[in-house]
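The numbering of the sequence shown is my numbering, which starts it at 109 and goes up by one.
C-beta atoms are modelled at their ideal positions from N, C-alpha and C, and glycine is treated no differently.
Keep in mind the model is a prediction, meaning the values are calculated, not measured.
These notes are about the structure you will find just below.
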Amino acid sequence: MSILDELKQQAEQLRQAQEQDTETARREALYQEKLKPGLKAILNYLEELTEQLKAVNPAIHHDYTLPGLGLLKGLRQRNYTLKADTKDQTKVVRLKFNCVADKEQTFAVTPQSQAIETRSFLESQKMRYTEWPIRDNSQQIVVNNFQLQASIEIYITFQADLEMGAIKMATTNFKDFVIDRSTVLPQRINDQWLDHLGHYILRKNENLYCLEIDESSKESIRMRLEAEKRARQEDLQRAIKREKLEREEKERTSLLGKLKNLRKR
Numbered sequence: 109m110s111i112l113d114e115l116k117q118q119a120e121q122l123r124q125a126q127e128q129d130t131e132t133a134r135r136e137a138l139y140q141e142k143l144k145p146g147l148k149a150i151l152n153y154l155e156e157l158t159e160q161l162k163a164v165n166p167a168i169h170h171d172y173t174l175p176g177l178g179l180l181k182g183l184r185q186r187n188y189t190l191k192a193d194t195k196d197q198t199k200v201v202r203l204k205f206n207c208v209a210d211k212e213q214t215f216a217v218t219p220q221s222q223a224i225e226t227r228s229f230l231e232s233q234k235m236r237y238t239e240w241p242i243r244d245n246s247q248q249i250v251v252n253n254f255q256l257q258a259s260i261e262i263y264i265t266f267q268a269d270l271e272m273g274a275i276k277m278a279t280t281n282f283k284d285f286v287i288d289r290s291t292v293l294p295q296r297i298n299d300q301w302l303d304h305l306g307h308y309i310l311r312k313n314e315n316l317y318c319l320e321i322d323e324s325s326k327e328s329i330r331m332r333l334e335a336e337k338r339a340r341q342e343d344l345q346r347a348i349k350r351e352k353l354e355r356e357e358k359e360r361t362s363l364l365g366k367l368k369n370l371r372k373r
């Protein structure tokens, strides 16, 4: 390698290192200024919420449909646990709780293919169960019995996304056996948003993002929309008038030019 190539390589390495330092500094500033306050607000709110839920233990129920076992009604929500990666530089907050049946039940599952699916599902959900088959005269399995007290683990996770400058939210098994993902802008996290989060966790609101709008707010929005519509109409009328004047000016100028040409002739 020539000395020039070697110097170019060193210069490129320095440039890349400087860009990396700049990007690291940008992300750290973004975290400190926006994401950290939002995550701390969520953590503090959920700490107080879980403390009160443990003291009151309200009766919150939800229904789940389990493969092969069918609809299980009235599973009770309880056992709230809150964790964060660190207290001072929080980047991940996770709330865990369970929906639990009030007693053990026995389910007869058939055919064998359905029993295999049920077994796989229960193991994926880390549910304890007892299983025993019933055979016919030919010793072929005709029914698989599953005995268990259904307990479904639910997670709500908040995580800093330094790339997007937002907070990622994921709910696992909350409404069904799926993971719902969404993104929360840190500036949206205020007392109203946190209160709505609490209503959502307690299943008093179907959707975290459907904030109820009171009548005064609706009227304010309606008036703002009407004002914007009037402003657009006025802008359109001014544009039409301006275009008309410009067209008339062009026609006048063109006519004057023709008259001058005629005079020269």
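Give me the DSSP bridge partner(s) of residue i.
i: Trp378; result: Outside the displayed span of the chain (109 to 373) sits residue 378, for which this structure offers no information.
i: Ser246; result: For Ser246, which the question treats as bridged, DSSP gives no partner whatsoever.
i: Arg311; result: Answer is none; Arg311 lacks a bridge partner.
i: Ile275; result: Ala268, Val292
i: Gly182; result: Gly182 pairs with nothing; no bridge assigned.
i: Ala192; result: Val201
i: Leu256; result: Gln213
i: Ile111; result: Beta-bridge pairing links Ile111 to no other residue.
Please list the terminal residues of the continuous alpha helix (DSSP H) segment that includes residue i.
i: Glu261; result: It is not in any alpha helix (DSSP H) - Glu261 instead sits in the beta strand (DSSP E) that spans 259-269.
i: Phe215; result: Per DSSP, Phe215 belongs to no alpha helix (DSSP H); it is in the beta strand (DSSP E), 213-217.
At what residues does the beta strand (DSSP E) containing residue i begin and finish?
i: Thr173; result: 169-174
i: Val201; result: 200-208
Helix, strand or coil for residue i, going by three-state DSSP, please let me know.
i: Pro241; result: strand
i: Thr280; result: strand
i: Val251; result: strand
i: Thr226; result: helix
i: Thr158; result: helix
i: Asn187; result: strand
i: Lys148; result: helix
With 9 Å set as the bound, which would you pick, yes or no: does the beta-carbon of residue i sit closer than that to a beta-carbon of chain C?
i: Glu239; result: In the displayed structure, chain C is absent; only one protein chain is listed.
Check your understanding: Does the count of Cβ pairs from the segment 286-295 and the segment 157-166 closer than 8 Å reach three?
Key -> no
Check your understanding: When the Cβ atoms of the segment 231-245 are set against those of the segment 265-272, are three or more pairs found closer than 8 Å?
Key -> no
Exercise for review: Decide if the segment 181-195 is in contact with the segment 239-248; the criterion is three or more beta carbon pairs, one per stretch, under 8 Å apart.
Suggested key: no
Review point. Would you say the segment 163-180 touches the segment 215-230, given that touching needs at least three Cβ pairs under 8 Å?
Key: Judged by Cβ distances under 8 Å, the segment 163-180 makes contact with the segment 215-230, as three or more pairs qualify.
Review point. Do three or more CB pairs link the segment 206-218 to the segment 180-191 at distances below 8 Å?
Key: yes
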